[in-house]
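K.L.:
I have a structure I would like to understand better, so I am pasting it below and will then ask my questions one at a time.
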Amino acid sequence: MLSKSLSNPLISPLPIHSKKHKSPNQVLIVRSHVTDSSKKAESGSDANPNPSKLFESAAMSTSKSRAYPGGMGPHTGRDANVKKPEWLRQRAPQGEKFAKLQESLSKLKLNTVCVEAQCPNIGECWNGGGGAGGEGDGIATATIMLLGDTCTRGCRFCAVKTSRNPPPPDPMEPENTAQAIASWGVDYIVLTSVDRDDLPDGGSGHFARTVEAMKKLKPEILVECLTSDFRGDLDAVSSLVNSGLDVFAHNIETVKRLQRIVRDPRAGYEQSLSVLKHAKVAEEGMITKSSIMLGLGESDEEVKESMSDLRAIGVDILTLGQYLQPTPLHLTVKEYVTPEKFAFWKSYGESIGFKYVASGPLVRSSYRAGELFVQNLVKGSKSEQESKSSES
Numbered sequence: 001m002l003s004k005s006l007s008n009p010l011i012s013p014l015p016i017h018s019k020k021h022k023s024p025n026q027v028l029i030v031r032s033h034v035t036d037s038s039k040k041a042e043s044g045s046d047a048n049p050n051p052s053k054l055f056e057s058a059a060m061s062t063s064k065s066r067a068y069p070g071g072m073g074p075h076t077g078r079d080a081n082v083k084k085p086e087w088l089r090q091r092a093p094q095g096e097k098f099a100k101l102q103e104s105l106s107k108l109k110l111n112t113v114c115v116e117a118q119c120p121n122i123g124e125c126w127n128g129g130g131g132a133g134g135e136g137d138g139i140a141t142a143t144i145m146l147l148g149d150t151c152t153r154g155c156r157f158c159a160v161k162t163s164r165n166p167p168p169p170d171p172m173e174p175e176n177t178a179q180a181i182a183s184w185g186v187d188y189i190v191l192t193s194v195d196r197d198d199l200p201d202g203g204s205g206h207f208a209r210t211v212e213a214m215k216k217l218k219p220e221i222l223v224e225c226l227t228s229d230f231r232g233d234l235d236a237v238s239s240l241v242n243s244g245l246d247v248f249a250h251n252i253e254t255v256k257r258l259q260r261i262v263r264d265p266r267a268g269y270e271q272s273l274s275v276l277k278h279a280k281v282a283e284e285g286m287i288t289k290s291s292i293m294l295g296l297g298e299s300d301e302e303v304k305e306s307m308s309d310l311r312a313i314g315v316d317i318l319t320l321g322q323y324l325q326p327t328p329l330h331l332t333v334k335e336y337v338t339p340e341k342f343a344f345w346k347s348y349g350e351s352i353g354f355k356y357v358a359s360g361p362l363v364r365s366s367y368r369a370g371e372l373f374v375q376n377l378v379k380g381s382k383s384e385q386e387s388k389s390s391e392s
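The sequence shown runs contiguously to residue 392 in the UniProt record's numbering.
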């Protein structure tokens, strides 16, 4: 009995050769649809009376679309007029470094956002830069996902699975994660998590314990945490940034106008800015970071406004990347932004005061997070704060 929904099918559609066709190249596609037989018996009708419309976009339908994620919504589906360009095509990840890290993560049962969110840069980051094939010679970066692999929110751009009541966090995860990472010998690590609105502090304490455990085992390691907004709980933010953290990252994701379309209703533009601002206030010298996806229908002026808002609260690092649609049930791509335009945004961001801007079609929040420039930026900030402390 199939138990998965069409938004996350248990199996791919099965091609079955039809005996009615003479040509072996002609096939029928069989899709599975799950219904609750008990409800069907009660209602006396099929729960899916018109399965042909399951994958029909809002633009093609004359009837009112069902709300996401129960089916196609007004902002989902594929746009046949928007073609994926060549510059977004990546080779399949391979290489010795990639294989070793993949094996290590599997043995330690650690989740990574690289895998869960289907990041296109997994080969490049895990190989240490330079390409997906293993020719990189830089610093390998893997973003470890704490607090499980199931999110309590349902943002329309995200491929991570969701649930109102995910399993409780593993109380040993902070120690186990710290021991595993210390054994790798890396200099920079990124920790992130799903949203955990079911926890009183949103998972902040779990983050803090992990950072503290890593710093205890390896004091010189640099730690970046890419967090949720903790429902706007500033005490939760303080708890994390006072744990020995080096970089506090939280994404506004998109421009102000598109927040309600792109993000879960519990998230918000002003709430995200408040969290980023407080991280600076709660821990002097804290490096802060945020990210914006492009290609969702934003205008240039709206992007400039968001960048200005981030700089106004002292955000140091910004990443900009192309939104890529995980499935037809997620937000439709409105535009594929050119590499030249991304280069413009990098230049513009630097001109208004960001200390570092990573901008490109395949750039993601944690893209090459531990590269040498960022490491030097963090170390420089720490040295400056130590000098101020000694003078006082």
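Beta carbons are placed, not taken as given, at the ideal position from N, Cα and C, and that holds for glycine.
None of these values were measured; they are calculated from a predicted model.
Confirm the yes/no value for this check: CB of D170, any heavy atom of the ligand FMN, distance under 7 Å.
P.N.:
Among the components modelled here there is no ligand, and therefore nothing to report on the ligand FMN.
K.L.:
Are L191 and F207 close, meaning C-beta to C-beta below 8 Å?
P.N.:
Numbered from 1 along the sequence shown, position 191 holds the residue referred to as residue 191. Numbered from 1 along the sequence shown, position 207 holds the residue referred to as residue 207. Going by C-beta atoms, L191 is nearer than 8 Å to F207.
K.L.:
Is DSSP giving T277 helix, strand or coil here?
P.N.:
Sequence index remark: in the sequence shown, residue 277 carries index 277 (1-based). Correcting the residue type first, residue 277 is Lys in the shown sequence and not Thr. DSSP places K277 in helix when its eight states are reduced to three.
K.L.:
So, D197 versus T152, is the Cβ gap smaller than 8 Å?
P.N.:
Here residue 197 refers to the residue found at position 197 of the sequence shown. Here residue 152 refers to the residue found at position 152 of the sequence shown. A contact, by the Cβ cut-off of 8 Å.
K.L.:
Express the C-alpha separation of E391 and Q325 in angstroms, rounding to a whole number.
P.N.:
Translated into the one-based positions of the sequence shown, residue 325 becomes position 325. Translated into the one-based positions of the sequence shown, residue 391 becomes position 391. Distance between the alpha carbons of Q325 and E391 is about 52 Å.
K.L.:
Check for me: the beta strand (DSSP E) holding F354 runs from which residue to which?
P.N.:
Looking up residue 354 in the sequence shown gives position 354. Neither: F354 is in no beta strand (DSSP E) and is coded neither H nor E.
K.L.:
Between which two residues does the beta strand (DSSP E) holding S365 run?
P.N.:
Translated into positions along the sequence shown, residue 365 becomes position 365. Element bounds for S365: n/a, residue is neither H nor E.
K.L.:
Residue ranges of each beta strand (DSSP E) run of no fewer than 3 residues wholly in the stretch 176-231, ordered along the chain?
P.N.:
DSSP runs (the beta strand (DSSP E)) wholly in the stretch 176-231: 188-193 and 222-226.
K.L.:
By how many angstroms is the C-alpha of I287 removed from the C-alpha of P339?
P.N.:
Indexing the sequence shown from 1 puts residue 339 at position 339. Indexing the sequence shown from 1 puts residue 287 at position 287. Distance between the alpha carbons of P339 and I287: 27 Å.
K.L.:
Near T62, which residues of its chain fall below 6 Å by C-beta distance, leaving aside the five closest residues on each side in sequence?
P.N.:
Taking the sequence shown and counting its residues from 1, the one referred to as residue 62 is at position 62. Note that T62 scores a pLDDT of 37, beneath 50, so its modelled location is shaky and nothing firm can be said.
K.L.:
Check for me: the alpha helix (DSSP H) holding K304 runs from which residue to which?
P.N.:
Looking up residue 304 in the sequence shown gives position 304. D300 to A312 is the span of the alpha helix (DSSP H), which, as asked, contains K304.
K.L.:
Closest by CA to D235, which one among V247, R260, A282 and R209?
P.N.:
Walking along the sequence shown from the start, residue 235 turns up at place 235. Nearest C-alpha to D235: A282.
K.L.:
Do you know whose CA, among R231, C225 and N251, lies nearest V241's CA?
P.N.:
Residue mapping note: residue 241 aligns to position 241 of the sequence shown, counting from 1. Considering only alpha carbons, the answer is C225.
K.L.:
Compare the C-alpha of F230 against each of S183, S193, D309 and T143 and name the closest.
P.N.:
The count along the sequence shown starts at 1 and reaches residue 230 at position 230. Among S183, S193, D309 and T143, the Cα nearest to that of F230 is on S193.
K.L.:
Between I181 and M145, which are expected to be in contact by the criterion C-beta below 8 Å, what is the C-beta distance as a whole number of angstroms?
P.N.:
Counting from one through the sequence shown, the residue named residue 181 turns up at place 181. Counting from one through the sequence shown, the residue named residue 145 turns up at place 145. That pair is no contact at about 13 Å.
K.L.:
Quick check: S359 and L320, are their CB atoms within less than 8 Å of each other?
P.N.:
Locating residue 359 in the sequence shown gives position 359, counting from the first residue. Locating residue 320 in the sequence shown gives position 320, counting from the first residue. Closer than 8 Å, so yes.
K.L.:
Can the beta-carbon of H250 be found closer than 8 Å to that of V211?
P.N.:
Taking the first residue of the sequence shown as 1, we reach residue 250 at position 250. Taking the first residue of the sequence shown as 1, we reach residue 211 at position 211. No. Outside cutoff.
K.L.:
In whole angstroms, what separates the C-alpha of E284 from that of S239?
P.N.:
If you number the sequence shown from 1, residue 284 lands on position 284. If you number the sequence shown from 1, residue 239 lands on position 239. Roughly 14 Å separates the two Cα atoms.
K.L.:
Measuring only the C-alpha atoms, how far is N176 from F157?
P.N.:
In the sequence shown, counting from the first residue as 1, residue 176 sits at position 176. In the sequence shown, counting from the first residue as 1, residue 157 sits at position 157. Those two C-alpha atoms are separated by around 31 Å.
K.L.:
Quick one, are the C-beta atoms of I317 and K289 less than 8 Å apart?
P.N.:
As a working mapping, residue 317 is identified with position 317 in the sequence shown. As a working mapping, residue 289 is identified with position 289 in the sequence shown. In this structure, K289 lies closer than 8 Å to I317 by Cβ.
K.L.:
With distances taken Cα to Cα, identify the nearest neighbour of V315 among T150, K280 and S383.
P.N.:
Sequence index remark: in the sequence shown, residue 315 carries index 315 (1-based). Out of T150, K280 and S383, K280 has the C-alpha closest to the C-alpha of V315.
K.L.:
Cβ atoms of G349 and M293: under 8 Å apart, would you say?
P.N.:
Residue numbering aside, residue 293 sits at position 293 when the sequence shown is read from its first letter. Residue numbering aside, residue 349 sits at position 349 when the sequence shown is read from its first letter. No, the pair does not count as a contact, with Cβ atoms beyond the cut-off.
K.L.:
Nearest CA to the CA of Q322: which residue from Y336, L331 and T332?
P.N.:
Your numbering for residue 322 matches position 322 in the sequence shown. Comparing Cα positions, the closest option is Y336.
K.L.:
Measuring straight from C-alpha to C-alpha, what distance separates S183 and V160?
P.N.:
Mapped onto the sequence shown, residue 183 falls at position 183. Mapped onto the sequence shown, residue 160 falls at position 160. When rounded, the distance between both Cα atoms is 28 Å.
K.L.:
Assuming the contact rule is C-beta atoms closer than 8 Å, K346 and V357 should be a hit. Round their C-beta distance to whole Å, please.
P.N.:
Mapped onto the sequence shown, residue 346 falls at position 346. Mapped onto the sequence shown, residue 357 falls at position 357. Sure, about 5 Å apart at Cβ, within 8 Å.
K.L.:
In the DSSP assignment, the beta strand (DSSP E) including A249 goes from what residue to what residue?
P.N.:
Within the sequence shown, the letter at position 249 stands for residue 249. Residues V247 to A249.
K.L.:
According to the neighbour-count rule (16 or more other Cβ atoms, all chains shown, within 10 Å of its Cβ), is S291 buried or exposed?
P.N.:
As a position in the sequence shown, residue 291 is number 291, starting the count at 1. Classification for S291: buried.
K.L.:
What does the alpha-carbon distance come out to for the pair E86 and K379?
P.N.:
Within the sequence shown, the letter at position 86 stands for residue 86. Within the sequence shown, the letter at position 379 stands for residue 379. The alpha-carbon atoms of E86 and K379 are separated by roughly 38 Å.
K.L.:
Under a three-way DSSP split, which group does G349 fall into?
P.N.:
Taking the sequence shown and counting its residues from 1, the one referred to as residue 349 is at position 349. The answer is helix: DSSP assigns G349 an H, G or I state.
K.L.:
Helix, strand or coil for S359, going by three-state DSSP, please let me know.
P.N.:
Position 359 of the sequence shown holds residue 359. DSSP places S359 in strand when its eight states are reduced to three.
K.L.:
Is L320 helix, strand or coil when you go by DSSP?
P.N.:
As a first step, residue 320 is located in the sequence shown; it is residue number 320 there, counting from the start. Three-state DSSP puts L320 in a strand.
K.L.:
State yes or no: is the C-beta of K277 within less than 8 Å of the C-beta of Y269?
P.N.:
As a working mapping, residue 277 is identified with position 277 in the sequence shown. As a working mapping, residue 269 is identified with position 269 in the sequence shown. No, they are not a contact pair.
K.L.:
Could you check the C-alpha separation between D264 and L329 for me, to the nearest Å?
P.N.:
Mapped onto the sequence shown, residue 264 falls at position 264. Mapped onto the sequence shown, residue 329 falls at position 329. Rounded to whole angstroms, D264 to L329 spans 15 Å at the Cα level.
K.L.:
Excluding the five sequence neighbours on either side, which residues of its own chain have a C-beta within less than 8 Å of the C-beta of S45, listed in chain order?
P.N.:
Counted from its first residue, the sequence shown places residue 45 at position 45. With a pLDDT of only 40 at S45, under 50, the local geometry of the prediction cannot be trusted, and the value read off the model is given with reservation. Nothing meets the Cβ criterion.
K.L.:
Expressed to the nearest angstrom, what Euclidean distance is found between the alpha-carbon atoms of R311 and E386?
P.N.:
The sequence position of residue 311 within the sequence shown is 311, counting from 1. The sequence position of residue 386 within the sequence shown is 386, counting from 1. In a straight line, the C-alpha of R311 is about 24 Å away from that of E386.
K.L.:
Work out the CA separation of I221 and T247 for me, nearest whole Å.
P.N.:
As a first step, residue 247 is located in the sequence shown; it is residue number 247 there, counting from the start. As a first step, residue 221 is located in the sequence shown; it is residue number 221 there, counting from the start. Note on identity: in this sequence residue 247 is Val, with Thr being the wrong assignment. The straight-line gap from Cα to Cα measures roughly 12 Å.
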